[in-house]
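Reviewing the structure listed below.
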Amino acid sequence: MQSYTVSELLSQDIAFNEVEIKGWVRTFRANRFIALNDGSTINNIQCVVDFEKFDEDLLKRITTGAAIHIIGDLVESQGKGQSVEIQVKSLEILGDSDPDTYPIQPKKHSFEFLRENAHLRTRTNTFSAVMRLRSALSFAIHKYFNEHGFYYMHAPIITGSDAEGAGEMFKVTSLDHNNLPTNGNGKVDYSKDFFGKETNLTVSGQLEAETYAMSLGKVYTFGPTFRAENSNTSRHLAEFWMIEPEVAFMDLAGNMDLAEDFMKYVIKHILDNNSEDLEFLDRRQQDEDKRKPQAERNGMTLIDKLKFVTDNHFKRVSYTEAIDILRNCKPNKKKKFKYLINEWGTDLQSEHERFLVEKHFKCPVILFDYPANIKAFYMRLNEDGKTVRAMDILFPGIGEIVGGAQREERLEVLKEKMAAIDIPEEELWWYLDLRKFGTAVHSGFGLGFERLVMFVTGMNNIRDVIPYPRTPQNAEF
Ligand code: 4AD
Ligand code: MG
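Throughout, my numbering is defined as the position within the sequence shown, counted from one, plus 45.
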């Protein structure tokens with residue numbers, strides 16, 4: 046007799062025979078039908094118990110959430126709704142679950158409630174589907190880069206430079222907070238700290254990835270990044286995962302081509318390989334939509350939205366063109382935007398990004414050539430002296446999903462830009478070295494992994510696509 050997963054048993058490849066299975070009870074109906082799930086698929090296997098053959102006390106312990114071990118015969122199902130089922134011959138309770146206190150009842154729970162029970166929420170259909178898709182997406186990402194000649198680089202998580210400027214940082218220290226060593230002018234003396242200097246959690250692996258691109262050619266990072274911004278939105282986390290490819294001898298146009306090809310590939314991988322979970326989430330979203338007022342409904346089903354990305358060219362638009370469109374659009378003229386667009390040079394908010402994607406172009410958009418002063422110091426200055434070779438990819442429902450650039454490869458220009466915002470050269474001496482020894486055009490981008498998972502699963506809150514979200518005032522689990 047062999048042990049199987051639910052997924053294997055439902056795959057139709059198993060001979061009708063005696064089988065063994067372990068899992069958690071989802072429901073137990075009519076003292077007869079157990080719906081059993083083990084996480085291997087969104088579907089449950091039906092296990093049929095002949096209650097006359099089992100002890101009453103044992104049957105009472107088959108409750109929602111209990112872990113059980115079953116041996117029985119796999120047979121063609123007598124009932125509707127499933128192809129096969131198990132006729133139970135022996136049943137053992139591995140772990141009881143008190144039905145009065147088990148939080149995950151077989152009914153609809155709010156996402157807020159499930160966030161408070163994040164340790165159990167993957168026992169629901171929605172969260173198990175989301176997290177299986179998260180896993181599949183991360184596999185697809187590694188597969189893409191592996192097939193395209195990239196090396197996976199592990200950028201450090203503790204960093205001694207805080208020059209990226211991407212956001213507020215979390216300090217890393219082993220000093221005793223109640224007894225901080227100070228120097229003459231009353232400031233903390235970090236030379237006494239663990240690393241002998243101030244250190245932080247990284248906000249991006251880009252600068253380190255650049256050093257590897259300038260020797261290994263094509264590299265990517267995929268790791269956790271940390272930002273201590275106090276932005277309590279449905280699209281921001283204090284700890285999130287980022288994918289950052291970086292390529293030598295590639296310009297901004299190549300960067301856009303790479304990003305578009307990569308995004309299409311990973312989404313297509315999910316469409317081709319994860320249809321069960323996707324179809325479940327697609328139905329969920331359609332049900333939810335029916336309950337919303339017309340104006341708030343998603344125009345497209347989840348699966349249509351994914352195909353829309355894989356089948357359409359991403360529209361490439363310069364920042365300057367985008368500002369013209371936004372300045373003259375209805376919501377701006379009628380003062381419907383929270384932040385009105387008046388002049389060239391203002392930063393775009395997510396309401397503007399979403400207008401461009403969802404209302405104006407109606408397709409994914411790549412904005413490029415942004416004003417230098419709203420972008421990071423390392424971006425390549427254009428000949429006009431006021432814009433940089435930056436690019437952001439905007440997706441429907443999400444806004445910015447990717448941010449990237451061609452990097453400034455000219456030593457003197459880079460030094461000037463650093464001086465202008467007071468970044469000491471000593472701090473980034475190694476970054477400047479890349480421009481001294483064999484400098485070359487190079488580019489890369491950063492994809493926010495959770496924003497991709499949101500897009501692919503149709504989940505509206507970023508807290509629901511990472512196992513244990515870290516946000517202001519919240520680090521439970
Ligand atoms: O645009 P960002 O800040 O770019 C960088 O960090 C560059 N170093 C990337 C590069 O060129 N290698 O961040 C990149 C992406 C954003 O487009 C967004 O998808 C995501 O990271 N992101 C966040 N996701 C969740 N929570 C946050 N607080 C995020 N901040 C950025
Ligand atoms: Mg950005």
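Using N, Cα and C, we set each Cβ at its ideal position, and we do this for glycine too. Treat the numbers as computed from the prediction; the structure is a model and nothing was measured.
Contacting residues, own chain, Cβ-Cβ under 8 Å from residue i (five flanking each side not counted)
i	result
Thr375	For clarity, residue 375 is Lys in the given sequence; the question names Thr instead. Counting only Cβ-Cβ distances below 8 Å, and skipping sequence neighbours, we find Lys381.
Asp334	Arg342, Asn343
Phe406	Lys360, Val362
Asn300	Val292, Met436, Gly449, Ala450, Gln451, Ser488, Gly489, Phe490
Lys481	Leu456
Beta carbon of residue i nearer than 9 Å to that of residue j
i	j	result
Phe413	Leu297	yes
Ile138	Ile113	yes
Ile116	Met46	yes
Val64	Leu54	yes
Phe24	Leu136	This structure cannot settle anything about residue 24, because the visible part of the chain is limited to 46 through 522.
Lys263	Pro290	yes
Gln150	Thr109	yes
Trp69	Arg168	yes
Thr256	Tyr476	yes
Ile370	Leu401	yes
Val501	Leu182	yes
Glu419	Gly390	With the sequence shown as reference, residue 419 is identified as Ile, and Glu is not the correct amino acid for it. In this structure, Gly390 lies closer than 9 Å to Ile419 by Cβ.
Phe498	Arg179	Before going on, a small fix: residue 498 reads as Val here, not Phe. Yes, they are a contact pair.
Leu246	Thr218	no
Residue i: first and last residue of the uninterrupted beta strand (DSSP E) it sits in
i	result
Pro269	263-271
Trp286	284-293
Thr432	432-440
Leu165	Element bounds for Leu165: n/a, residue is neither H nor E.
Arg361	360-363
Ile348	Careful: Ile348 lies outside any beta strand (DSSP E), inside the alpha helix (DSSP H) at 347-356.
Backbone CA spacing between residue i and residue j [nearest angstrom]
i	j	result
Lys383	Glu396	8 Å
Val362	Phe78	57 Å
Ala293	Gly268	21 Å
Ala283	Phe61	50 Å
Phe359	Thr484	31 Å
Ala174	Asp317	15 Å
Ala111	Phe522	22 Å
Leu332	Phe73	Note on residue identity: the sequence assigns Asp, not Leu, to residue 332. Using only the alpha carbons, I get a separation of about 25 Å.
Gly229	Arg508	44 Å
Ser302	Glu398	According to the sequence shown, residue 302 is Asp rather than Ser. Using only the alpha carbons, I get a separation of about 20 Å.
Leu81	Thr244	49 Å
Asn76	Val94	8 Å
Asp327	Asp83	22 Å
Val458	Met295	19 Å
Arg160	Thr266	29 Å
Lys460	Asp467	10 Å
Ser122	Val133	13 Å
Leu385	Thr365	16 Å
Arg329	Thr346	10 Å
Gly126	Asp58	18 Å
Cys408	Gly444	12 Å
7 Å CB neighbourhood of residue i in its chain, flanking five on each side removed
i	result
Tyr189	Phe307, Tyr310, Val311
Ala304	Ile438, Val447, Gly449, Phe490
His164	Phe522
Pro441	Lys350, Val402, Glu403
Leu479	Glu255, Thr256, Met259
Residue i: CB within 8 Å of a non-hydrogen atom of the ligand ADP
i	result
Thr86	For the ligand ADP, the structure offers nothing, since it holds only the ligand 4AD and the ligand MG.
Spatial neighbours of residue i in its chain, beta-carbon cut-off 6 Å, leaving aside the 5 residues before and after
i	result
Ala185	Val311, His314
Glu253	Ala200
Leu220	Asp238
Asp145	none
Extent of the continuous alpha helix (DSSP H) run through residue i
i	result
Gln331	320-335
Tyr415	Unbroken run through Tyr415 is the beta strand (DSSP E), 410-416; no alpha helix (DSSP H).
His222	Neither: His222 is in no alpha helix (DSSP H) and is coded neither H nor E.
Glu101	101-105
Asp118	From DSSP, Asp118 is part of no alpha helix (DSSP H) but of the beta strand (DSSP E) over 112-121.
Glu461	456-465
Residues that residue i bridges to, as DSSP identifies them
i	result
Phe61	Per DSSP, none; premise fails for Phe61.
Cys22	Examination of residue 22 is not possible in this model, given that the chain is present from 46 through 522 alone.
Thr227	Val233
Asn519	Thr516
Leu178	Its beta-bridge partners do not exist; DSSP assigns none.
Arg452	Met424
Asn245	Thr204, Lys216
Ser488	Val292, Gln451
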